[in-house]
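What follows is a short report on a single structure.
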Amino acid sequence: MDCNPRSLLFILPLLLSCVITCAAIYAPNEVNLLDSKASQGELGWISYPLHGWRENWEEISGVDEHYTPIRTFQVCNVMEYSQNNWLRTNWIARQSAQKIYVELKFTLRDCNSIPLVLGTCKETFNLLYQETDDDQGTHFREHLYTKIDTIAADESFTQMDLGDRILKLNTEVREVGPMTKKGFYLAFQDVGACVALVSVRVYFKKCPNTVRNLASFPDTVPMDSQSLVEVKGSCVNHSKEQEPPRMYCSTEGEWLVPIGKCLCNPGYEERSNTCQMCRAGFYKSNLGNMECSKCPPHSFSHHEGSLHCGCENNYFRAEGDPASMACTRPPSAPRNVISSINETSVILDWSWPEDAGGRRDITFNVLCKRCRGVASNGSNGGNLRCEPCRSNVHFLPRAAGLHNTTVTVGDLLAHTNYTFEIEALSGVSSLAPKMRQYAAVTITTNQAAPSPVTVIRKEKTSRNSVSLSWQRPERPNGIILDYEIKYYEKEEQETSYTILRARGCNVTLSGLKPNTAYLLQIRARTAAGYGASSPSFQFETSPDSAFSISSESSQVVLIAISSAVAIILLTVLLYVLIGRFCCHSKSKHPDEKRLHFGNGHLRLPGIRTYVDPHTYEDPSQAVHEFAKELDASCIAIDKVVGAGEFGEVCSGRLKLPSKKEICVAIKTLKGGYTDKQRRDFLAEASIMGQFDHPNIIRLEGVVTRSKPVMIVTEYMENGSLDNFLRKHDAQFTGIQLVGMLRGIASGMKYLSDMGYVHRDLAARNILVNSNLVCKVSDFGLSRVLEDDPEAAYTTRGGKIPIRWTAPEAIAYRKFTSASDAWSYGIVLWEVMSYGERPYWEMSNQDVIKAVDEGYRLPPPMDCPATLYQLMLDCWQKERNNRPKFEQIVSILDKLIRNPGSLKITANTTSRPANLLLDRSSSEVPSMGTLGDWMDGMRTLPCKEAFSGVSYSSCDTLAKTSTDVYRLPVPVAGPRNLRGLCRVVLTEVHVTPATCPEWEPSMGITTL
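Here the sequence shown stands for residues 0 to 1006, where the numbers follow numbering that gives the first Met the number 0.
This is the structure we're talking about:
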């Protein structure tokens, strides 16, 4: 090959075949300052020095793959020595770049492929630059240039490549910077290579403008090659910052780490990185990037960018309704109004409106009107003139804001026309007053007899006469014409009686026997007839005396005698008070202040004995004697919380005059009751009314003079003890549990001191208030004891709570305070096990049999040994050996004062002999070997469960105790035999001699 440089010009056409496959693809984050391929004409770069008729670097024209002209430079003076050929670009403005990149595409020939090289052949060339603030023109000085790098080819071509027309194009990129002046020149120095410079591209990198999280970020050029540039974004139109948007621009021109975002304004939604208006028929009421929502039913939006949708005609949205809620309308009128009249009260019942208007917050208001005139046969009255009812008309539960479809209206006038308008309301009723509808019903109350006389007073008594007065009936139900007074001697039992009539509220009965007891009843009469008789009132006439007190002298003598008696009584009273004060100061123990009564109970002075309400001839008299009568208007029922034997149990509020409103529990007597059911229902109130103790549920009063009949007690926020413990399993300390138990025991001690047996003491009948105070409740099964300490109440049948009842009470139905102590032991077990069911799933018959054979419940998990011992003492078979409640309170007080004693659990201490089995009834023999022990176990009630179980080692024994739940149980055997056997395993006392590797506690642990 001829190596003359002019002969090498044929390289360029061959080179273009390579260029065709190397089309430039520039990154979007690159900004070109110079691209030689983009120039259509001559580039005009200067070369230095000149050699004769041509330059060292030659600019040659060619075409690319699209036949577009391009300009290239080549040099190949390898036949000459000491080459120093320069090619310099035009002046390049750097714009905002601090660091620039130079991309070179070139071909270079292998020196070994050039024959007969006379000079010095190189396979590299140098890249240099010079910074200037302005264009220097053709002025050129080598020493002003700074070398960037020596450029070498990764692949060079040879003579063979030329023959095959395959050339290899090299691409090299170099960084230059940081730049400080306005522009620069690039220079290429050839020192003896055969090279063709195909293209030169000079560029810098930047982070292009973009939108992220609805924030716009501008073009950003990296400042240097080391750090990121923090750029603050600006929210797009119709959006607001939630958190200031920021991003970081890297040196490679890439956006990194977006922080913060913008949210579209109400009425706008995010679409294509912009916030655009909601379309018609859609809305958006809140700031955010969620999509616009379609208008809910019965609403519309005719314009773009709506914040909410307006309601259609006759539809409304209440103030508190969210924008996403459909527009609604007031409900239609209630339907099917039914009235049930009972003398001067009426029960109104109706059906829900046919159209609820799309709402659920429907309530009812009842408006009462008293009407004069003649009512038609229809339900909506006739020619009537009506006015609002008097304020003393009572509504139960209330007249306005009713959530149920029934109301009881009482204290109406007899034989009077009334119209009741029942209106259904909802949250939008006030917005559409013209659309409100109501249903009306007109009734006429019955001609009712007056209510009984309840208050009778004795004014004056003599040997043969008595003066009485009384209060008018609470509900006369008309004009009282007169009163009938019926009286007779108590001993004659109404076989012979006398009747008088009086127009006023007082009478003097004469012609009576001296020193005689009489019974008297009074009833009032109106045009409707006689009302019910009053409860029997007893009075006695004065006895015969040795002298008459009619004379003035005898009256003086009587006054003197009375004064002397009064002085003597005052002297005795002072003596007693002084003696008691001295005794109190000398007493060393609280028990010394107690008095012993014949029934064996210890009682504090002043505590009265319980009176059984069933001993009253008229049980309602017991209710009024022990319970306070409440006005139904003072009671507001809030909600139904349960159901009792006689009716519903509700929570509500009691507001008595001049007293603070309190929360109460209300037991109601359901309609249609019999007299016996009413007496039984109020018997519990008669019982509770006699108790006054902080650990006994407090009776607030009763409602018996209006319907429904109610028993009102204090409200216990945490409900029954068993449910409360199950809900808060393992959340209380030992001291807290003992405190609850102490309160229950204190309440039972109070009942026991009054000579009272509860009979149904269980955790379900203990109520807990917000301060964790436990109170005994539910006196439906309770009865009173005789004064005889051995006496017990024998039931006439009925249900007995087997799992809580002492054996003698189950067998003979005899209940004592000792049987209550047994039940207290079960309650103690329930508390320590956090409400677990006693005896688990064993049937009642299995429980009776097991207890009779000596079985006792095992200690609950982590139960203190002292408390479990107290349980066992309460479960003594001989009832006289069980502790009294006074002793139980004392034991628990000691535990509270010494909490360290609660740390020793029954699971880790040696247990007492009567832990599981009464040794007198079922003795566990001592075992010498493991086999003896297993044989002994086969003789116990769980022997069927061990049939077929092989045992050869202590490991087998441990596995047996672990797998006891899966052992087969005979069909004919007890249903809970596994539970019995599990407890037997926990009681095995294995000695190190019989089983060294098995600790005594393993049975408990594995179970």
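We put the beta carbon where it would ideally sit given N, CA and C, even for glycine. Since we're looking at a predicted model, the values are computed, not measured.
Item, Value
"Buried/exposed call for Pro330, threshold 16 Cβ in 10 Å", "buried"
"Three-way DSSP call (helix, strand, coil) for Gln97 in this model", "coil"
"Alpha-carbon to alpha-carbon, Val756 and Arg741", "18 Å"
"Rounded C-alpha distance that separates Trp349 from Thr362", "13 Å"
"Inter-residue Cα distance where the pair is Ile686 and Glu624", "11 Å"
"Residue range of the beta strand (DSSP E) that includes Cys261", "254-263"
"Whole runs of the beta strand (DSSP E) within the stretch 149-211, excluding any shorter than 3 residues", "169-175, 182-189, 193-204, 209-211"
"Three-way DSSP call (helix, strand, coil) for Lys627 in this model", "coil"
"Nearest-angstrom Cα separation, counted from Asn236 out to Phe183", "41 Å"
"Buried or exposed by the 16-neighbour rule on C-beta atoms within 10 Å, applied to Val62", "exposed"
"Given Arg502 as reference, the closest of Ala810, Asn514, Leu518, Arg522 once Cα atoms are compared", "Arg522"
"Paired residues, beta bridge with Gly641 - DSSP", "Val648"
"Unbroken stretches of the beta strand (DSSP E), 3 residues or longer, contained in the stretch 404-443", "405-409, 416-424, 437-443"
"Counted within 10 angstroms of its Cβ, other Cβ atoms place Val970 as buried (16 or more) or exposed", "For Val970, the predicted model reports a pLDDT of 29, less than 50, meaning its position is unreliable; a value from the coordinates is still stated below. Burial call: exposed."
"Secondary structure of Ser112, DSSP reduced to three states", "helix"
"Endpoints, beta strand (DSSP E) assigned at Phe1029", "Residue 1029 is absent from the model: the chain starts at 0 and stops at 1006."
"Gly1029, buried or exposed, once every other Cβ within 10 Å from all chains shown has been counted against 16", "The requested residue 1029 does not occur in the structure, where the chain is confined to residues 0 to 1006."
"Chain-order list of residues whose beta-carbon lies under 7 Å from that of Ile831 (same chain, five-residue window excluded)", "According to the sequence provided, residue 831 is Met. The question's Ile does not apply to it. Cβ within range, chain order: Leu736, Pro859, Cys862, Leu866."
"Boundaries (first-last residue) of the beta strand (DSSP E) holding Phe216", "214-216"
"Residues bridged to Lys798 [DSSP beta-bridge criterion]", "BP columns for Lys798 are empty, so no partner."
"Per DSSP, the bridge partner or partners of Thr497", "Tyr486"
"Test item: CB-CB of Leu668 and Pro707 under 8 Å", "yes"
"Which of helix, strand or coil DSSP assigns to Pro330", "coil"
"Extent of the continuous alpha helix (DSSP H) to which Thr1038 belongs", "Residue 1038 lies beyond the stretch modelled for the chain, which goes from 0 to 1006, so this question has no answer here."
"Straight-line gap, Glu57 to Gly176 (C-alpha atoms, nearest Å)", "29 Å"
"Range covered by the alpha helix (DSSP H) that runs through Phe723", "720-726"
"C-alpha gap between His613 and Asp777, whole angstroms", "17 Å"
"Cut-off 8 Å between Cβ atoms - residues of its own chain near Arg500, not counting five sequence neighbours on either side", "Asp481, Tyr482, Glu483, Ile484"
"Rounded distance between the beta-carbons of Leu519 and Phe538, thought under 8 Å", "7 Å"
"Alpha carbon of Ile661 to alpha carbon of Ser541, nearest angstrom", "48 Å"
"Environment of Lys459 [buried if 16+ CB atoms lie within 10 Å]", "exposed"
"For Gly528, the residue or residues it bridges with in DSSP", "Thr525"
"Helix, strand or coil at Leu856 [DSSP, three-state]", "coil"
"Thr343 and Ala413 closer than 8 Å at C-beta", "yes"
"Identified DSSP bridge partners for Glu29", "Lys204"
"Leu1008: first and last residue of the uninterrupted beta strand (DSSP E) it sits in", "Nothing about residue 1008 can be reported from this structure: the residues present for the chain run from 0 to 1006 only."
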